[in-house]
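Chains as they are written, first to last, in the numbering used here: chain B, 216 to 452; chain Z, 216 to 452; chain V, 216 to 452; chain C, 216 to 452.
Glycine is no exception: its CB is placed at the ideal position from the N, C-alpha and C atoms.
None of these values were measured; they are calculated from a predicted model.
Reviewing the structure listed below.
Number of protein chains: 4
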Amino acid sequence: MSASSSQTKNTQRERLEAKEQSILKAATDVFTALGVDGTTMAEIARRAHIAEGTLYLYHKNKQDLLAVVVGNFWAELTKGALTAVDSSLPVIGQLKQLATYHLTALIQQFDMVGLTYRARLRHGEPEYQLPKIREYVRVFDQIIERGINRKELSEALPLWQCRDVFYGSLEYSARTLRLREIQFDLTVVEQLLVMFQPYKINEASAAKAGPSETSTNTRLARIEVQLASLLQEKAQR
Amino acid sequence: MSASSSQTKNTQRERLEAKEQSILKAATDVFTALGVDGTTMAEIARRAHIAEGTLYLYHKNKQDLLAVVVGNFWAELTKGALTAVDSSLPVIGQLKQLATYHLTALIQQFDMVGLTYRARLRHGEPEYQLPKIREYVRVFDQIIERGINRKELSEALPLWQCRDVFYGSLEYSARTLRLREIQFDLTVVEQLLVMFQPYKINEASAAKAGPSETSTNTRLARIEVQLASLLQEKAQR
Amino acid sequence: MSASSSQTKNTQRERLEAKEQSILKAATDVFTALGVDGTTMAEIARRAHIAEGTLYLYHKNKQDLLAVVVGNFWAELTKGALTAVDSSLPVIGQLKQLATYHLTALIQQFDMVGLTYRARLRHGEPEYQLPKIREYVRVFDQIIERGINRKELSEALPLWQCRDVFYGSLEYSARTLRLREIQFDLTVVEQLLVMFQPYKINEASAAKAGPSETSTNTRLARIEVQLASLLQEKAQR
Amino acid sequence: MSASSSQTKNTQRERLEAKEQSILKAATDVFTALGVDGTTMAEIARRAHIAEGTLYLYHKNKQDLLAVVVGNFWAELTKGALTAVDSSLPVIGQLKQLATYHLTALIQQFDMVGLTYRARLRHGEPEYQLPKIREYVRVFDQIIERGINRKELSEALPLWQCRDVFYGSLEYSARTLRLREIQFDLTVVEQLLVMFQPYKINEASAAKAGPSETSTNTRLARIEVQLASLLQEKAQR
DNA sequence: GATGAATGAGTATTCATTCAT
DNA sequence: TATGAATGAATACTCATTCAT
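Okay, structure coming up:
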């Protein structure tokens, strides 16, 4: 009897869970297809095969529903990214995997970027950082941390500046590629990785003495960035 | 009489021009302050001291008005950028100037970025590239072209990929800096310039392999040591 | 030409005025017939032959429209009361006229009493005294003041207590009479006037205690006998 | 065992009764605090610690629940009034007690008056007399009847007109006093009692012959009211 | 050109009530 | 009895746009 009751409870929960998923699926589809303003709660309800009022049992209002939809997207992206990155590789390789994954995903689901901007808007506050985005962003941070721990990257790497360049470049590129109807562009990724050269710790460098010309440029670049970072700090003080 | 009429016409034109400016000023203010959805044509008319109907003599509809407002912003940005960049400098210096200008401007008027996204949306099409933005983007392209012409940059530089990284990084960074209430961050700019190192043509390299190279190495080593000690200090704090 | 313009202006004003009246007429009818909750803005607009949105050009919202409708009622009532009362009569006579007028009017338009209660409700405050009601109430006060000035009424008369009894009785009675489908009941009015007896100043009393008194007594006695017999008759029926 | 079952049954009944009371308490609180429109069945259920659906096992719908709440109020008022009135006193004294009790109670729970109006509204019918109010009103009638039986009051007293004046005055006064934040005003009560003077049978009158001046006024007033009543009847025929 | 009154389509949200469990 | 998830009708209000002066 307790089993049956637990069974029933289970079924109930599953039903609610299924309904919740159904709503999110419908909402995602409609928001994606029609944009925030083009979307009506009625249409979402229709596609989820529920009554309009039921939507409000699961989500406080349209804005909240949008936030959940967007949050879900980034949560899924986080999962995918963790899968896509092989942490046994050298960090530069990992960053390439992450960049590739990110760029590909954004190109495919670029509408979500627009929705994300809308979901971030809060009445009063200028903008709002969705928690799920923060989690996603951590994937990048973790790779960098790993790199530093493994002595593959210099501690001097300015974390959040690099992070912004990384994600900013990819997002912007995704928009452009979308417009040009290109599925993917490796150059963007490669270009991005150049950014990390100055922080790359060359294990071989100690071994071989010969300072090649390339090495000079690299060293200069590294110095310049580090100097900029120090100056910045000083300016802020 | 023709003089008087031309006079009048002139005055008339000036009046219309002034009214147009008044409308754009009002529209910019309201859109910026209240966002696209918070803005009403009535409020814009009120602030421009004209009747609601008059707005429609100057602009087809709200969406078009927004497009003009946003277009104006980018046109102004173009003007400013052209002023900010000294084309007599080495291209890297020019890029640094442009990046600095762009980042500063975006941080100061970040609301415009949001409006830009909204202005790009067209019913049906996924997104739309505003002509004024294209013009702005050309400023970057011209610097690169100049660099290639002057043999400062390799022809191998992948133009639009670099461009996307350039603008994408700065835009994204601007958002972040805005959130952190930071006015400017040189690191972002410097970081970005690293990207162009691989395409930098070292005129001295091919020509001379003389003693200056040794000296360069020596100086570099000295600087690196100093930097390392500074970073160490910082890390200990 | 100035005439034509003034004419036009006049016409315009008249049109707006007419529209305003049309709205109020429609609103009054609908509120009266269907009650506050039964009334929809759409129905009012329909009956006023205007668009729904137009209602909001004339009245901020439903609650405000109701307040105006109710206010109008009391303003009209004030006018009527001033007409109904002949200030040359002894005050008791005036009060009788006012009471008669008030009772009759309330019986005929009793729905307005219910609307009045609803119009008085403000969000937050417990209740709210409509200005137009205050003006109406002044009609009573003025009669009393007049009476006191003319030495027909004692200054000892507790003004607002009497006023409340006056209006309270009539309003409550109006409800009852409405339920019983009675158009008017003089008894209520007469009953009410008894209240003022203690404050009536008998000019003759102090001056003369002469023969008229005897005569009065005689006449009273005669009337009392006749009345008693009539009442007896009535009782037997 | 039968005892135990009866015990259980008893407990069950008590439980139901307790739940019913809990619902009514919650409903009364919410209706009083938030008004009819501000009240939701969900909130009542929440405060009564039951499910929404359960409310409908005890009360057909919101309107009915309101009616019960309001009915309860008047039933309680009836109880209180019967306690407050000492039927051994002269009727005028009893009326004074009733008036005092009524006024005090209404001032304290004035929100109930508003709820009463709303409870009386029926779809279609203009208004509806709640049974519990009728019972309450009987308290007044009984005092009057007693007075007539005891020969303290004249049979000529027009019962329901007096009743309406009685309750109407007090209700209206209660509203006013509430607004002025006054707890009680004896003047109102005293004022009201004047109304009964004309019907007061002066036992002493037969004993003492001297028709005082006061007596004249009183006799006149009495006659006037009785005449009005007779004329009324005639008019209705 | 300028006006501003008029329009009316468009929708998020609430909540009394029901009913499967 | 009790539950509480589901329902869906019902509506005040906004505002971009138009058009008669």
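(1) Here's a check: name, in chain order, each residue in its chain whose Cβ is nearer than 8 Å to the Cβ of valine 328 of chain V, leaving out the five neighbours to either side.
(2) Taking only beta carbons into account, state which residues of the stretch 274 to 295 of chain Z come closer than 8 Å to chain B, listed in chain order.
(3) Could you please tell me which residues of the stretch 383 to 402 of chain C, in chain order, have their CB closer than 8 Å to any CB of chain V?
(4) For a minimum of 4 consecutive residues, which ranges assigned as the alpha helix (DSSP H) are wholly contained in the stretch 277 to 329 of chain Z?
(5) Taking the alpha-carbon of isoleucine 416 of chain B as reference, which of B:Leu372, B:Leu442, B:Arg378, B:Arg393 has the nearest alpha-carbon?
(6) Please confirm whether glutamate 367 of chain C has its beta-carbon closer than 7 Å to some beta-carbon of chain V.
(7) On a CA-only basis, which of Z:Gly362, Z:Arg393, Z:Asn287, Z:Ala260 is nearest glycine 308 of chain Z? Give me that one, please.
(8) Return the residue from the list V:Met410, V:Gln376, V:Val251, V:Glu267 that minimises the CA-CA distance to aspartate 400 of chain C.
(9) Three or more C-beta pairs under 8 Å: does that hold for the stretch 295 to 304 of chain C against the stretch 277 to 287 of chain C?
(10) Roughly how far, in whole angstroms, is the beta-carbon of valine 456 of chain C from the beta-carbon of valine 403 of chain V, given that I think they are within contact range, below 8 Å?
(11) Ordered along the chain, which non-local residues of its own chain (more than five positions away) have a Cβ less than 6 Å from that of tyrosine 382 of chain Z?
(12) Which value, in whole angstroms, describes the spacing of the CA atoms of lysine 347 of chain C and histidine 317 of chain C?
(13) Please name the residue, chosen from Z:Thr243, Z:Leu408, Z:Lys311, that lies closest to threonine 287 of chain Z on a Cα-to-Cα basis.
(14) Compute the Euclidean distance between the alpha carbons of glutamate 229 of chain V and serine 237 of chain V, then round it to the nearest angstrom.
(15) Here's the rule I'm using: 16 or more other beta-carbon atoms within 10 Å means buried, otherwise exposed. How should alanine 421 of chain V be labelled?
(16) At least one CB of chain V closer than 7 Å to the CB of arginine 434 of chain C: is that the case?
(17) Look up leucine 374 of chain Z in the DSSP assignment and say whether it is helix, strand or coil.
(18) So leucine 272 of chain B is in the alpha helix (DSSP H); what residue range does that whole segment cover?
(19) Expressed to the nearest angstrom, what Euclidean distance is found between the alpha-carbon atoms of valine 354 of chain B and threonine 255 of chain B?
(20) Helix, strand or coil for lysine 366 of chain B, going by three-state DSSP, please let me know.
(21) With serine 369 of chain Z and tyrosine 414 of chain Z assumed to form a contact (beta carbons below 8 Å), what rounded beta-carbon distance in angstroms separates them?
(22) Hey, out of Z:Gln344, Z:Val352, Z:Phe325, Z:Glu235, whose CA is closest to isoleucine 397 of chain Z's CA?
(23) Judging by CA-CA distance, which residue of Z:Leu445, Z:Thr331, Z:Glu405 is the nearest neighbour of alanine 436 of chain B?
(24) Answer with yes or no whether the minimum CB distance from isoleucine 438 of chain V to chain C is below 7 Å.
(25) In chain Z, which residues lie less than 8 Å from tyrosine 332 of chain B when you measure between Cβ atoms?
(26) In or out: glutamine 312 of chain C buried (at least 16 other Cβ within 10 Å) or exposed?
(27) Within 7 Å of any Cβ in chain C, is that where the Cβ of glutamine 312 of chain V sits?
(28) Could you pull the start and end residues of the alpha helix (DSSP H) that methionine 410 of chain Z belongs to?
(29) With a CB to CB cut of under 8 Å and the five nearest residues on each side skipped, what residues in its chain are close to leucine 345 of chain C?
(30) Measure the beta-carbon distance from tyrosine 351 of chain Z to threonine 293 of chain Z and round it to whole angstroms, keeping in mind my assumption that it falls under 8 Å.
(31) How big is the Cα-Cα spacing for alanine 257 of chain B and leucine 446 of chain B?
(32) Could you tell me which chain B residues have their CB closer than 7 Å to the CB of proline 413 of chain Z, listed as they occur along the chain?
(33) Cα separation between serine 453 of chain Z and isoleucine 358 of chain Z?
(34) Is there a C-beta anywhere in chain Z that falls below 7 Å from the one on serine 444 of chain B?
(35) Work out the CA separation of glutamate 267 of chain Z and lysine 240 of chain Z for me, nearest whole Å.
(36) Quick check: the Cα distance between leucine 249 of chain Z and isoleucine 265 of chain B, rounded to an integer number of angstroms?
Based on what the coordinates show:
(1) As a position in the third sequence, residue 328 of chain V is number 113, starting the count at 1. Answer for valine 328 of chain V: Leu321, Glu386, Ala389, Arg390, listed in chain order.
(2) none
(3) Gly383, Ser384, Leu385, Glu386, Tyr387, Ser388, Arg390, Thr391, Arg393, Leu394, Asp400, Thr402
(4) 277 to 299, 306 to 323
(5) Position 201 of the first sequence, counting from 1, holds the residue named residue 416 of chain B. Per the Cα distances, B:Leu372.
(6) As a position in the fourth sequence, residue 367 of chain C is number 152, starting the count at 1. Answer no: the Cβ-Cβ gap between glutamate 367 of chain C and chain V never drops below 7 Å.
(7) As a working mapping, residue 308 of chain Z is identified with position 93 in the second sequence. It is Z:Gly362.
(8) Working through the fourth sequence from its first residue, we reach residue 400 of chain C at position 185. For aspartate 400 of chain C, the nearest C-alpha among the options comes from V:Gln376.
(9) no
(10) Past the edges of chain C, shown from 216 to 452, lies residue 456 of chain C, and the structure says nothing about it.
(11) One-based indexing of the second sequence puts residue 382 of chain Z at position 167. There are no such residues.
(12) Counting from 1 along the fourth sequence, the entry for residue 347 of chain C is found at position 132. Counting from 1 along the fourth sequence, the entry for residue 317 of chain C is found at position 102. In a straight line, the C-alpha of lysine 347 of chain C is about 15 Å away from that of histidine 317 of chain C.
(13) Indexing the second sequence from 1 puts residue 287 of chain Z at position 72. One detail in the question is off: residue 287 of chain Z reads as asparagine in this sequence, not threonine. It is Z:Thr243 whose Cα lies nearest to the Cα of asparagine 287 of chain Z.
(14) Here the question's residue 229 of chain V lines up with position 14 in the third sequence. Here the question's residue 237 of chain V lines up with position 22 in the third sequence. Taking the straight line joining both Cα atoms gives about 12 Å.
(15) Locating residue 421 of chain V in the third sequence gives position 206, counting from the first residue. At alanine 421 of chain V the pLDDT is 45, less than 50, meaning the model places this residue with poor confidence; the figure from the coordinates comes in the next sentence. By the 10 Å Cβ count, alanine 421 of chain V comes out exposed.
(16) As a working mapping, residue 434 of chain C is identified with position 219 in the fourth sequence. Chain V contact via Cβ: present.
(17) What you label residue 374 of chain Z is simply residue 159 of the second sequence in a count that begins at 1. Residue state, collapsed to three classes: helix.
(18) For the purposes of this step, residue 272 of chain B is identified with residue 57 of the first sequence, where counting begins at 1. That run of the alpha helix (DSSP H) goes 267 to 273.
(19) Taking the first sequence and counting its residues from 1, one reaches residue 354 of chain B at position 139. Taking the first sequence and counting its residues from 1, one reaches residue 255 of chain B at position 40. If you take the alpha carbons of valine 354 of chain B and threonine 255 of chain B, they lie about 34 Å apart.
(20) For the purposes of this step, residue 366 of chain B is taken as the residue at position 151 of the first sequence. In the structure shown, lysine 366 of chain B sits in coil (DSSP, three-state: anything other than H, G, I, E or B).
(21) As a working mapping, residue 369 of chain Z is identified with position 154 in the second sequence. As a working mapping, residue 414 of chain Z is identified with position 199 in the second sequence. About 4 Å separates the two Cβ atoms, so the contact holds.
(22) Position 182 of the second sequence holds residue 397 of chain Z. Checked all of Z:Gln344, Z:Val352, Z:Phe325, Z:Glu235; the closest Cα to isoleucine 397 of chain Z is Z:Phe325.
(23) Counted from its first residue, the first sequence places residue 436 of chain B at position 221. Closest option to alanine 436 of chain B, Cα to Cα, is Z:Glu405.
(24) Looking up residue 438 of chain V in the third sequence gives position 223. With 7 Å as the cut-off, isoleucine 438 of chain V counts as an interface residue toward chain C.
(25) Translated into positions along the first sequence, residue 332 of chain B becomes position 117. Gly329, Tyr332, listed in chain order.
(26) In the fourth sequence, the residue the question calls residue 312 of chain C occupies position 97. Glutamine 312 of chain C is buried by the Cβ-count criterion.
(27) Here residue 312 of chain V corresponds to residue number 97 of the third sequence, with the count starting at 1. By this cut-off, glutamine 312 of chain V is not an interface position.
(28) Locating residue 410 of chain Z in the second sequence gives position 195, where the first residue counts as 1. Methionine 410 of chain Z -> no alpha helix (DSSP H), and no H or E assigned at all.
(29) Translated into positions along the fourth sequence, residue 345 of chain C becomes position 130. Excluding positions up to five away in sequence, the list reads Ala282, Val285, Gly286, Trp289, Thr331, Ala334, Arg335.
(30) Here residue 351 of chain Z is taken as the residue at index 136 of the second sequence, counted from 1. Here residue 293 of chain Z is taken as the residue at index 78 of the second sequence, counted from 1. 5 Å between Cβ atoms; contact.
(31) As a working note, residue 257 of chain B is residue 42 in the first sequence. As a working note, residue 446 of chain B is residue 231 in the first sequence. Cα-Cα distance, rounded: 55 Å.
(32) Taking the first residue of the second sequence as 1, we reach residue 413 of chain Z at position 198. Those within 7 Å of proline 413 of chain Z in chain B are Val409.
(33) Any answer about residue 453 of chain Z is impossible in this case: the structure gives chain Z only from 216 up to 452.
(34) Indexing the first sequence from 1 puts residue 444 of chain B at position 229. By this cut-off, serine 444 of chain B is an interface position.
(35) Taking the second sequence and counting its residues from 1, one reaches residue 240 of chain Z at position 25. Taking the second sequence and counting its residues from 1, one reaches residue 267 of chain Z at position 52. Their backbone Cα atoms lie some 15 Å apart in a straight line.
(36) The sequence position of residue 249 of chain Z within the second sequence is 34, counting from 1. The sequence position of residue 265 of chain B within the first sequence is 50, counting from 1. Leucine 249 of chain Z and isoleucine 265 of chain B: Cα-Cα distance of roughly 35 Å.
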